[in-house]
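What follows is one structure encoded as structure tokens, with my remarks underneath.
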Amino acid sequence: MRWEKLEAQSTNGGLVGPTSSGPGKRWGHSCNSIRGGRFLYVFGGYGKDNCRTNQIHIFDTATRMWSEPAVYGEQPVPRDSHSCTTVEDNLFIFGGTDGANPLKDLHIFYTSSNRWSSPRIRGEGPMAREGHTAVLVGKRIFIYGGCSKSSNSSHEEYFNDLYILNTETFVWKHAETSGAPPSKRDSHTCSVWRNKLIVLGGLDLDGFYQSDVHILDTDSLTWEKLNTSGQLLPPRAGHTAVVLGKNLFVFGGFWDEQNVFDDIHMLDVETGCWTKVTATGEGPSARFSMAGDSLDPRNRGVLVFIGGCSKNLEALDDMYYLNTGILTEPDRDERRIEKLSLRKKLKQKCQEQHTASPVYGRAETDYQLGRQNSSGRIMFQARVASSSPCSCTIETVIDGKRLSGVIFPTKTGGDDHARSTVMQGANTSVDNIRKYFFKYNFEAFLETFATSGAILINFSFRGIISFAPIGLPRFWCGFESPISSSEITRDLNHGRTFHANEKVSLGL
1 MRWEKLEAQS
11 TNGGLVGPTS
21 SGPGKRWGHS
31 CNSIRGGRFL
41 YVFGGYGKDN
51 CRTNQIHIFD
61 TATRMWSEPA
71 VYGEQPVPRD
81 SHSCTTVEDN
91 LFIFGGTDGA
101 NPLKDLHIFY
111 TSSNRWSSPR
121 IRGEGPMARE
131 GHTAVLVGKR
141 IFIYGGCSKS
151 SNSSHEEYFN
161 DLYILNTETF
171 VWKHAETSGA
181 PPSKRDSHTC
191 SVWRNKLIVL
201 GGLDLDGFYQ
211 SDVHILDTDS
221 LTWEKLNTSG
231 QLLPPRAGHT
241 AVVLGKNLFV
251 FGGFWDEQNV
261 FDDIHMLDVE
271 TGCWTKVTAT
281 GEGPSARFSM
291 AGDSLDPRNR
301 GVLVFIGGCS
311 KNLEALDDMY
321 YLNTGILTEP
331 DRDERRIEKL
341 SLRKKLKQKC
351 QEQHTASPVY
361 GRAETDYQLG
371 RQNSSGRIMF
381 QARVASSSPC
391 SCTIETVIDG
401 KRLSGVIFPT
411 KTGGDDHARS
421 TVMQGANTSV
431 DNIRKYFFKY
441 NFEAFLETFA
451 TSGAILINFS
461 FRGIISFAPI
471 GLPRFWCGFE
481 SPISSSEITR
491 DLNHGRTFHA
501 NEKVSLGL
């Protein structure tokens with residue numbers, strides 16, 4: 001195995017400021033790999049200017065360049081010691097601390113549109129906490145452990161409870177488990193292997209550092225302690241653990257203020273055997289509270305570690321790859337998901353070929369980082385499919401979803417110029433409508449609808465309706481007709497059910 005220190009570059013393409021050199025010095029942040037390991041998203045943490053942050057930084061592993069995107073929506077408050085879970089290509093951020101109090105809010109960052117959202121969640125969720133862990137199994141996020149500390153109180157409460165969030169229905173559930181659970185703790189790690197959670201190490205409520213390994217079967221919700229052997233891992237907290245196939249890699253952490261680790265250990269989760277890894281190259285210095293993840297394990301077997309806190313309590317900003325040389329095969333469930341994904345892609349390709357216009361072609365809306373106009377807004381394209389004297393139909397793809405929609409003037413008294421342009425364009429040619437509307441961007445449409453009420457853009461899903469599709473911002477649901485937002489809101493408030501193949505629109 002071999003360490004590699006990264007010397008990343010910066011780019012100002014589509015950035016908030018004139019330049020960016022990455023997230024800088026920080027600890028207590030998160031690092032998530034998406035899109036097959038192409039991009040790393042770093043969020044939050046403490047260190048820069050001796051304060052917490054809520055900024056997003058993106059590292060392109062192909063070009064080795066950092067960028068800081070312009071983001072939309074209401075951002076979370078600055079925090080550290082939170083959890084960040086990758087769900088498809090979206091980031092679910094829960095809890096942490098703002099420096100004064102622990103947090104229990106949930107935020108979603110949609111990476112395809114750089115938009116923040118705070119979903120409405122039902123059920124009783126976890127108490128406010130930091131130093132917890134959150135991992136995804138299927139469509140469920142499992143949140144375990146952590147502690148609650150307030151600056152105005154000396155009391156610390158530690159947890160060993162388990163909560164489950166359904167990422168499709170957005171319902172919390174307190175899990176009732178069997179077997180002997182791990183002791184109450186924080187600053188531990190929790191990783192996923194197949195359908196099991198692997199909880200390792202941490203600091204318990206009595207101030208003891210742990211190195212025990214506990215496994216939860218997420219189907220039966222049964223805990224079991226793993227008997228380990230080999231070159232045993234010394235007790236620690238604040239470490240980072242990354243799964244690669246059946247191997248769990250553990251790096252860094254601390255055992256009281258005198259012992260901060262720079263070692264790396266590997267656990268075979270099938271046999272319970274520990275191995276201390278010796279790697280070549282320049283590796284990271286001793287640290288804790290760093291962030292790490294794996295790049296696409298089936299292609300490269302590369303782990304990444306970034307930032308952290310040194311023994312002298314100084315934030316760090318360096319970044320390292322660990323080239324393990326381990327290439328893994330997907331298990332049976334992963335193969336099934338991959339096959340389903342290929343079927344879905346084939347079906348989408350057939351639909352695109354069927355609906356593509358010989359004149360304008362299909363909508364090319366695949367989001368690219370930094371693809372923004374001079375106002376910092378994300379651009380998109382759409383295709384006009386047909387027109388009538390009072391409306392036109394468009395087709396596009398947003399956040400990977402193929403959508404069709406209708407543009408038409410709404411109630412009397414709206415923006416006369418916009419209304420007349422729609423009418424004249426529809427009466428003259430489809431091309432005129434296309435030229436007028438789609439030289440602008442998606443955000444402009446949102447603002448036009450919100451301010452003047454003159455133009456309503458409805459995007460209609462084909463096939464089974466997804467009532468709350470991931471990747472789309474706030475929306476209203478209604479028929480493809482000039483319907484007011486109050487009528488749409490009324491339908492939503494009454495809990496109306498929309499059936500498959502029914503023409504239902506999303507007015508964004």
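Sequential numbering from 1 applies to the sequence shown in UniProt numbering. Idealized CB from N, CA, C, for every residue including glycine. Bear in mind that the values here come from a model prediction, so they are computed numbers and not experimental data.
Cutting at 6 angstroms between CB atoms, please list the residues of its own chain near Pro181, excluding the five before and the five after it. Closer than 6 angstroms at Cβ, skipping near neighbours: Asn160 and Trp223.
Return helix, strand or coil for Asn227, following the three-state DSSP convention. coil
Could you tell me the boundaries of the beta strand (DSSP E) in which Thr97 lies? First-last of the beta strand (DSSP E) with Thr97: Asn90 to Thr97.
Every unbroken beta strand (DSSP E) within the region 269-332, with a cutoff of 3 residues, ordered by chain: Counting whole runs of 3 or more residues, the region 269-332 contains the beta strand (DSSP E) stretches 273-276, 291-294, 302-309 and 315-323.
Suppose you measure from the CA of Thr228 to the CA of Cys273; what does that come to, to the nearest Å? 6 angstroms
Below 8 angstroms on the Cβ atoms is my guess for Leu200 versus Ala241; work out the distance and round it to an integer in Å. 6 angstroms
One or two residues paired with Glu130 in a DSSP bridge: Cys147
Pick helix, strand or coil for Asp49, following the three-state DSSP scheme. helix
Which of the three DSSP states is assigned to Ile121 in this structure? coil
The region 208-226 in contact with the region 255-269 per 3-pair CB rule at 8 angstroms: yes
Quick one: residues in its chain with C-beta nearer than 7 angstroms to the C-beta of Leu103, no 5 flanking neighbours on either side, listed in chain order? Arg79, Gly95, Gly96, Thr97 and Ala128
Mind checking whether Gly146 and Gly123 have CB atoms under 8 angstroms apart? no
Quick check: the Cα distance between Glu447 and Asp89, rounded to an integer number of angstroms? Its pLDDT being 31, under 50, Glu447 is placed unreliably in this model, and the coordinates cannot settle the point.
Where Gly202 falls: helix, strand or coil (DSSP): Correct three-state label for Gly202: strand.
Classify Arg371 as buried or exposed, calling it buried when 16 or more other Cβ atoms lie within 10 Å of its own Cβ. Residue placement at Arg371 is flagged as unreliable, the pLDDT there being 37, under the threshold of 50; a coordinate-derived value is accordingly withheld.
Could you check if Val171 is buried or exposed, using at least 16 other CB atoms within 10 Å of its CB as the buried criterion? exposed
Do you know whose CA, among Ala100, Pro126 and Thr86, lies nearest Tyr110's CA? Thr86
Residues in the same chain with beta-carbon distance under 7 angstroms from Pro234, minus the five sequence neighbours each way, listed in chain order, please. Ser211 and Trp255
Backbone secondary structure at Leu233 - three-state DSSP: coil
Where do the N-terminal and C-terminal ends of the beta strand (DSSP E) with Glu156 fall, by residue? Glu156 to Tyr158
Given a cut-off of 8 angstroms on the beta-carbon distance, is the pair Thr324 and Leu303 in contact? yes
Comparing alpha-carbon positions, which option in Met319, Asn259 and Ser310 lies nearest Glu282? Met319
Is the CB-CB distance between Lys184 and Leu216 below 8 angstroms? In this structure, Lys184 sits away from Leu216, with a CB-CB distance that is not shorter than 8 angstroms.
Can you grab the Cα-Cα spacing for the pair Gly99 / Ala315, in whole Å? 16 angstroms
Please classify Met1: does DSSP put it in a helix, a strand, or coil? coil
Could you compute how far the alpha carbon of Asp219 sits from the alpha carbon of His239? 27 angstroms
Could you check the C-alpha separation between Ala291 and Tyr41 for me, to the nearest Å? Their Cα atoms are separated by approximately 11 angstroms.
Drop a sphere of 10 angstroms on the beta-carbon of Lys149, count the other beta-carbons inside from all chains shown, and report buried for 16 or more, exposed for fewer. buried
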